[in-house]
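Just so you know, the sequences run in chain order A, B and C. The first sequence begins at 1 in this note's numbering and counts up one residue at a time. The second sequence begins at 1 in this note's numbering and counts up one residue at a time. The third sequence begins at 1 in this note's numbering and counts up one residue at a time. The structure under discussion appears below in the form of structure tokens.
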Amino acid sequence: MKRSRISHTIVLFLLGMTVFCLGLQNLSAQDNSKNKVRLKVDYVKIINGDSYLDISTGARIDKKNVSVPYLDLLIYNETEQDEIELGTITTNPKGKIKFVLPELRSMLPDSSQIYTIKVAFKGNENFKRASKSVSFKDANIAARLITKDSLNYISATLTDAYSNSPISDEHLNIQVQRLFNPLKMGEEFNNTDDKGMVLVPIEEGIPGIDGNLLIEVVLNDNDTYGTIKAIVEAPIGKVIIDESTFDKRTLWSPRDKTPLFILVFGNFLIFGMWGIIIYLIVNLFRIKKV
Amino acid sequence: MNTYKALVKDLAPKKFHKKDQLWMLFLSVIIIAGLVAYIDQILQGQKVTNMNDYALWGIYISNFVFFIATSFVGSVAVAILRLTHNNWRTPLVRIAEIITVVSIVMAGITIMIDMARPDRLMNLFLHARLQSPITWDVVIIPTYIVISLLLLYFPLIPDFAILKNYFRKKKPKLSKWYGKLALNWTGSPAQKAIQSKSIKIIALMILPVGLLLQTIDAWLFSTTYRIGWDSTNFAPYFISGAMVAGIGGLICVIYVVRHYKKLEKYITDFHFDKMGKLLTLVCLIYLYFNINEYVIPLFTAKKGEATHLDTLFTGSYSVLFWVVTIIGLVLPIIVLLFKNGRKPKSMFFIALIVVIGSWWKRYVIVTPTLLHPFLPIQGVPESWRHYFPSFHEWIITISTLAMALLLITIMVRYLPVIPIQRTADELGLNKKEQEENIEL
Amino acid sequence: MEGNKTDRRKFLDKGLKIGLAALAGSFGLSKFSSKLSAKNSRSSADKIELMTTDGKLIQVDSSEVIEVEKHNDHDSTYNVREGMANRKFVMVVDLAKCKNALKCQSACNKHHYVTGDNAWLKVYDMQESKDTAHYWMPMMCQHCDKPACVTVCPVDATFKRRDGLVLIDNDRCIGCRFCMAACPYSTRVFNWGEPNQEVTLNMDLIDHMSSPEHAGKPSQIGTVDKCDFCPHQVQEGDLPHCVTACPNGVFYFGDKYEDTVTNGEETLRLSQLLEDKAGYRFLEGLGTEPSVYYLPPVDRLVDFEDGLEFYKEYESVEKPEQ
Numbered sequence: 001m002k003r004s005r006i007s008h009t010i011v012l013f014l015l016g017m018t019v020f021c022l023g024l025q026n027l028s029a030q031d032n033s034k035n036k037v038r039l040k041v042d043y044v045k046i047i048n049g050d051s052y053l054d055i056s057t058g059a060r061i062d063k064k065n066v067s068v069p070y071l072d073l074l075i076y077n078e079t080e081q082d083e084i085e086l087g088t089i090t091t092n093p094k095g096k097i098k099f100v101l102p103e104l105r106s107m108l109p110d111s112s113q114i115y116t117i118k119v120a121f122k123g124n125e126n127f128k129r130a131s132k133s134v135s136f137k138d139a140n141i142a143a144r145l146i147t148k149d150s151l152n153y154i155s156a157t158l159t160d161a162y163s164n165s166p167i168s169d170e171h172l173n174i175q176v177q178r179l180f181n182p183l184k185m186g187e188e189f190n191n192t193d194d195k196g197m198v199l200v201p202i203e204e205g206i207p208g209i210d211g212n213l214l215i216e217v218v219l220n221d222n223d224t225y226g227t228i229k230a231i232v233e234a235p236i237g238k239v240i241i242d243e244s245t246f247d248k249r250t251l252w253s254p255r256d257k258t259p260l261f262i263l264v265f266g267n268f269l270i271f272g273m274w275g276i277i278i279y280l281i282v283n284l285f286r287i288k289k290v
Numbered sequence: 001m002n003t004y005k006a007l008v009k010d011l012a013p014k015k016f017h018k019k020d021q022l023w024m025l026f027l028s029v030i031i032i033a034g035l036v037a038y039i040d041q042i043l044q045g046q047k048v049t050n051m052n053d054y055a056l057w058g059i060y061i062s063n064f065v066f067f068i069a070t071s072f073v074g075s076v077a078v079a080i081l082r083l084t085h086n087n088w089r090t091p092l093v094r095i096a097e098i099i100t101v102v103s104i105v106m107a108g109i110t111i112m113i114d115m116a117r118p119d120r121l122m123n124l125f126l127h128a129r130l131q132s133p134i135t136w137d138v139v140i141i142p143t144y145i146v147i148s149l150l151l152l153y154f155p156l157i158p159d160f161a162i163l164k165n166y167f168r169k170k171k172p173k174l175s176k177w178y179g180k181l182a183l184n185w186t187g188s189p190a191q192k193a194i195q196s197k198s199i200k201i202i203a204l205m206i207l208p209v210g211l212l213l214q215t216i217d218a219w220l221f222s223t224t225y226r227i228g229w230d231s232t233n234f235a236p237y238f239i240s241g242a243m244v245a246g247i248g249g250l251i252c253v254i255y256v257v258r259h260y261k262k263l264e265k266y267i268t269d270f271h272f273d274k275m276g277k278l279l280t281l282v283c284l285i286y287l288y289f290n291i292n293e294y295v296i297p298l299f300t301a302k303k304g305e306a307t308h309l310d311t312l313f314t315g316s317y318s319v320l321f322w323v324v325t326i327i328g329l330v331l332p333i334i335v336l337l338f339k340n341g342r343k344p345k346s347m348f349f350i351a352l353i354v355v356i357g358s359w360w361k362r363y364v365i366v367t368p369t370l371l372h373p374f375l376p377i378q379g380v381p382e383s384w385r386h387y388f389p390s391f392h393e394w395i396i397t398i399s400t401l402a403m404a405l406l407l408i409t410i411m412v413r414y415l416p417v418i419p420i421q422r423t424a425d426e427l428g429l430n431k432k433e434q435e436e437n438i439e440l
Numbered sequence: 001m002e003g004n005k006t007d008r009r010k011f012l013d014k015g016l017k018i019g020l021a022a023l024a025g026s027f028g029l030s031k032f033s034s035k036l037s038a039k040n041s042r043s044s045a046d047k048i049e050l051m052t053t054d055g056k057l058i059q060v061d062s063s064e065v066i067e068v069e070k071h072n073d074h075d076s077t078y079n080v081r082e083g084m085a086n087r088k089f090v091m092v093v094d095l096a097k098c099k100n101a102l103k104c105q106s107a108c109n110k111h112h113y114v115t116g117d118n119a120w121l122k123v124y125d126m127q128e129s130k131d132t133a134h135y136w137m138p139m140m141c142q143h144c145d146k147p148a149c150v151t152v153c154p155v156d157a158t159f160k161r162r163d164g165l166v167l168i169d170n171d172r173c174i175g176c177r178f179c180m181a182a183c184p185y186s187t188r189v190f191n192w193g194e195p196n197q198e199v200t201l202n203m204d205l206i207d208h209m210s211s212p213e214h215a216g217k218p219s220q221i222g223t224v225d226k227c228d229f230c231p232h233q234v235q236e237g238d239l240p241h242c243v244t245a246c247p248n249g250v251f252y253f254g255d256k257y258e259d260t261v262t263n264g265e266e267t268l269r270l271s272q273l274l275e276d277k278a279g280y281r282f283l284e285g286l287g288t289e290p291s292v293y294y295l296p297p298v299d300r301l302v303d304f305e306d307g308l309e310f311y312k313e314y315e316s317v318e319k320p321e322q
């Protein structure tokens with residue numbers, strides 16, 4: 001009797017567990033019907049400027065990659081012990097957002113000076129929860145404009161911020177800021193030498209507003225250091241001159257800028273003809289009066 | 001000739017008979033049909049036409065150009081003949097003035113039919129750009145309307161006074177209206193002085209304004225890059241074409257009015273002979289400009305020009321082009337060179353051919369050019385490579401022509417079609433009778 | 001035997017009870033967890049009534065509705081007839097790369113809600129003379145510096161901006177079509193009837209957003225439309241739709257004053273590109289001074305004939321299935 005009771009209890013327990021698991025499946029089944037959010041996080045540091053995370057949220061729905069807008073995200077500084085919340089943010093209508101990080105001093109790295117930031121999405125009725133971490137070490141780019149023999153160069157040095165030692169054999173993009181995409185200077189790969197330096201000539205005659213060019217020195221998407229960008233103001237550009245005819249009197253200008261010939265001649269004809277017409281109409285009244 | 005009394009009786013407006021009323025009814029029906037079609041165009045948009053992004057102007061524009069051309073008759077028959085001291089013009093000028101006014105008014109109406117957004121008509125005045133040839137048109141058309149009205153009205157004043165007396169007993173209400181329009185005309189020297197000075201000014205003015213009107217009409221086309229339009233020849237070509245269309249129209253209307261009002265005494269074979277010679281002259285001038293326009297480009301045969309001339313000479317518009325040129329222009333010249341060709345009945349048929357030819361000629365000017373643009377016609381339905389007006393376009397266009405005829409008929413009904421006072425003066429009829437203002 | 005029966009009964013009894021309890025528990029848990037997550041996304045109880053594109057009235061949480069503002073709405077000093085400062089927009093079309101994929105045309109049609117029979121961007125089968133090669137040529141508004149269309153407009157409905165763009169004010173246009181007659185590139189299209197964009201365009205949102213900077217949004221009956229060089233994209237820092245849609249990198253777009261153009265992948269100096277590849281402009285001899293440069297179709301990797309499979313001589317706008 002005792003044995004059967006034990007076995008009965010075991011069977012009952014197993015039965016109960018199965019049913020419970022089925023029930024749980026219901027729970028997670030609801031979760032499975034939701035889509036997965038893909039978080040893309042890039043760390044960007046602007047020298048003498050902000051450091052920020054470039055975050056974009058997307059999903060693969062019906063075999064197409066789409067951006068997912070208006071998602072609430074939490075950002076944490078992950079340390080060896082703990083997660084320190086840095087803030088919350090919501091992605092914009094295009095599913096992108098920039099989260100400005102506080103100064104590195106206020107964050108905690110791990111023992112090898114690596115900072116880890118986590119971006120978490122808690123999930124909502126349409127999407128599962130997701131999170132992405134990005135780790136980076138702090139580095140600096142010191143860039144300046146050099147003019148040698150009336151030729152212009154950008155000289156840049158890449159150093160590790162903690163140890164101040166140069167970082168060699170990394171390739172830097174030297175590029176001029178333009179409207180859509182920047183204009184690249186130098187070689188396809190401008191690699192830093194053993195002193196962490198690159199020297200890149202800047203092409204002649206690149207136009208800029210008032211002759212000013214904004215030249216970026218960028219370490220792009222590095223595994224260790226993330227993206228670092230230094231901006232050099234270089235007044236070496238060709239001055240942009242407004243060539244448009246917008247302010248001139250032309251045939252295609254709006255009516256307030258009619259060419260003078262048309263304005264004068266046209267009005268002369270119009271007033272001339274209508275002046276005579278008015279005189280004639282006055283004559284009609286004169287005839288009546290007589 | 002007869003006495004003054006008889007003159008007035010002959011020339012005074014008469015009541016409509018059954019035939020005239022039927023004619024008015026017929027025209028009114030057409031006009032109403034046109035109105036209905038136009039309202040449908042307003043509601044649905046111009047997709048009721050057969051115009052497309054390539055044939056973007058069609059029969060509405062060629063009809064408009066025809067009306068502008070016909071309105072030149074005032075400048076020719078009144079101003080030019082006056083300046084050249086052709087005194088035989090007297091019995092013809094009133095009708096010429098009537099046709100001028102009606103044509104230019106219909107031109108204004110017709111161009112508004114082509115506007116796809118007539119609800120924004122005021123933009124043409126509020127936001128007008130003087131650089132645009134359309135703005136020049138917007139200026140010159142109202143100007144010409146007013147001038148041609150003045151040209152019609154000033155010589156009418158003494159006639160209104162005469163008619164006021166003529167109808168005083170028989171039709172007092174009508175007499176009152178004539179009286180109002182007569183502006184207290186008594187024939188006094190002071191009034192005559194103002195009137196004749198004014199007429200002199202108008203006659204002088206209407207010629208340059210008329211030339212300007214035809215020129216601006218031509219420039220609507222020749223200020224574009226289109227092959228077949230981009231021609232330095234266009235303005236004089238249009239001016240001479242307007243003379244042809246105008247005089248042709250004048251002869252047609254004069255013949256009909258003379259017949260129905262029994263004015264054979266006043267408008268004689270002599271007048272027709274003279275008009276025939278005038279028509280021959282202007283047709284020859286027009287032929288000259290046609291040769292400049294269509295023959296000379298053959299010498300260089302630039303690709304675009306060659307395509308255009310091919311279309312007209314041997315291509316899809318060749319039948320129309322040759323009919324309009326040979327039958328509409330060359331044939332009249334040949335017939336009119338003979339004295340018998342200038343007899344009234346022959347003149348009427350020739351003039352009719354000339355007018356119909358003029359109307360289709362403008363179709364040939366507007367449409368073929370649009371169907372061979374610089375870039376090949378691709379990426380649009382096959383039907384877009386051709387154009388023939390739709391039912392809506394035909395009804396609306398025919399109704400504008402009907403409206404023109406209706407307006408002419410109404411004016412001919414109420415206005416003396418031959419200037420009474422002037423004719424009396426020229427014939428030196430009994431001055432005493434005139435001064436006593438005999439009631440009849 | 002009796003004892004077994006009782007045991008079985010007891011077993012079934014217990015089993016049922018545990019099973020039911022487990023089921024109830026798991027149901028309860030799932031409901032509870034969904035309620036938790038639901039609470040997170042619903043921050044306010046306010047509801048807004050909106051109308052869908054097919055005329056139904058629906059209630060939507062106000063938190064779900066976000067006002068989309070054009071960033072120029074706030075800037076009352078921005079003159080849409082003057083345009084963006086210090087820019088002169090140009091396009092370069094590399095005819096050597098064009099394979100008539102027509103992705104540019106579909107993207108343009110889609111993003112400008114084109115419903116007529118004539119696309120604003122068309123790829124022509126061109127052949128200069130009978131002995132020379134065929135090539136594919138994308139053609140759109142050239143935004144000429146001496147625009148014939150602007151010269152002839154009687155009401156200032158089409159205008160040339162300082163940044164080089166030629167745009168249309170569809171509220172002003174009177175539908176005279178003189179601009180269409182004047183344009184030598186056959187690039188303007190006309191709305192002969194109602195554009196019927198209700199299917200493709202959310203007509204609710206267009207009222208405070210309608211602007212010459214986003215042509216076709218909406219199109220108006222009896223007025224003219226054409227390529228606008230997508231200033232609505234440029235304002236957001238994005239390239240025009242044809243540029244991004246082209247899979248072969250045919251279209252380059254940029255600012256002539258910056259001497260830089262990009263097709264999304266390559267970013268080049270305009271002057272260098274035109275010199276290296278002998279750029280030219282179409283119908284240069286007419287003196288229109290277009291803003292579109294073409295690179296001649298040399299060293300083509302793909303035959304012209306391969307583009308013929310997509311060529312539709314009589315169609316340029318795909319109509320939606322009815």
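Cβ atoms here follow ideal geometry from the backbone N, Cα and C, with glycine treated the same way. Quick caveat, the model's predicted, so the values are computed rather than measured.
Count the other C-beta atoms from every protein chain shown that fall within 10 angstroms of the C-beta of residue i, then say buried if there are 16 or more, exposed otherwise.
i, result
"Asp149/A", "exposed"
"Asn263/C", "buried"
"His127/B", "buried"
"Gly287/C", "exposed"
"Leu308/C", "exposed"
"Val261/C", "buried"
"His71/C", "Low confidence applies here, because His71/C scores a pLDDT of 47, under 50, leaving its location unreliable; read the following figure in that light. His71/C comes out exposed."
Apart from the five residues just before and just after residue i, which ones in its own chain have a Cβ nearer than 7 Å to its Cβ?
i, result
"Leu199/A", "Tyr153 and Ser155"
"His241/C", "Ala107, Cys108, His111, Cys230 and Gln233"
"Asp230/B", "Ser222 and Thr224"
"Pro212/C", "Val80, Leu167, Ile168 and Asp169"
"Arg422/B", "Thr90 and Pro155"
Cutting at 6 Å between CB atoms, please list the residues of its own chain near residue i, excluding the five before and the five after it.
i, result
"Lys331/C", "Residue 331/C cannot be examined here, being either before or after the span of chain C that is shown, 1 to 322."
"Ala351/B", "Gly248, Ile251 and Cys252"
"Thr88/A", "Leu74"
"Met453/B", "Residue 453/B lies beyond the residue range present for chain B, which begins at 1 and ends at 440; the question has no answer from this structure."
"Thr159/A", "Asn140, Pro166 and Gly196"
"Leu81/B", "Arg89"
Report the CB separation of residue i from residue j in whole angstroms; it is logged as a contact under 8 Å.
i, j, result
"Cys179/C", "Cys144/C", "In fact, because the Cβ distance is near 12 Å, the residues do not count as touching under 8 Å."
"Tyr294/B", "Leu312/B", "7 Å"
Beta-carbon within less than 8 Å of residue i's beta-carbon, same chain only, minus the 5 sequence neighbours each way: which residues are those?
i, result
"Met112/B", "Pro118 and Leu121"
How long is the line joining the alpha carbons of residue i and residue j, rounded to whole angstroms?
i, j, result
"Phe167/B", "Ser175/B", "5 Å"
"Tyr4/B", "Ala181/C", "58 Å"
"Lys35/C", "Arg129/A", "Low confidence applies here, because Lys35/C scores a pLDDT of 49, under 50, leaving its location unreliable and the question unanswered by this model."
Checklist entry - Hey, which unbroken runs of the alpha helix (DSSP H) at 4 residues or more fall wholly within the region 71 to 146 of chain C? => result 103 to 111
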